[in-house]
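Undergrad: A single structure is presented below for examination.
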């Protein structure tokens, strides 16, 4: 049981550390635009900013699909990242 708990804690820490590596916040004209996902699209998506999919987070969501929490985080809150203003 201790090994399972240790493995779970290790996976959670690994996910939390690697999720920051794949997505980037972007500052444009002094305004910070953050990533968004399927669950917080209405709060964070700005119509004047262009976004792209974060393939690293998609891969992590698929790899850790058995943990249930990882896909919810990656797909729900952190799947699109800002790349610049729309023209």
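Numbering (this note's numbering), first residue to last: 37 to 123.
The C-beta atom is built at its ideal place from N, Cα and C for all residues, glycine as well.
Less than 7 Å between the C-beta atoms of residue 119 and residue 81, yes or no?
TA: Taking the first residue of the chain shown as position 1, residue 119 is located at position 83. Taking the first residue of the chain shown as position 1, residue 81 is located at position 45. Contact flag unset, no.
Undergrad: Can you check whether the CB of residue 73 is closer than 7 Å to the CB of residue 113?
TA: Within the chain shown, the letter at position 77 stands for residue 113. Within the chain shown, the letter at position 37 stands for residue 73. Their beta carbons are under 7 Å apart, which means residue 113 touches residue 73 by this criterion.
Undergrad: Pull the bridge partners of residue 62 from the DSSP assignment, please.
TA: Translated into positions along the chain shown, residue 62 becomes position 26. Bridge partners of residue 62: 69.
Undergrad: Quick one: grab the DSSP three-state call for residue 135.
TA: As shown, the chain starts at 37 and ends at 123. That puts residue 135 outside it, with no answer to give.
Undergrad: Mapping the DSSP letters down to three states, classify residue 88 as helix, strand or coil.
TA: Looking up residue 88 in the chain shown gives position 52. Three-state result, residue 88: strand.
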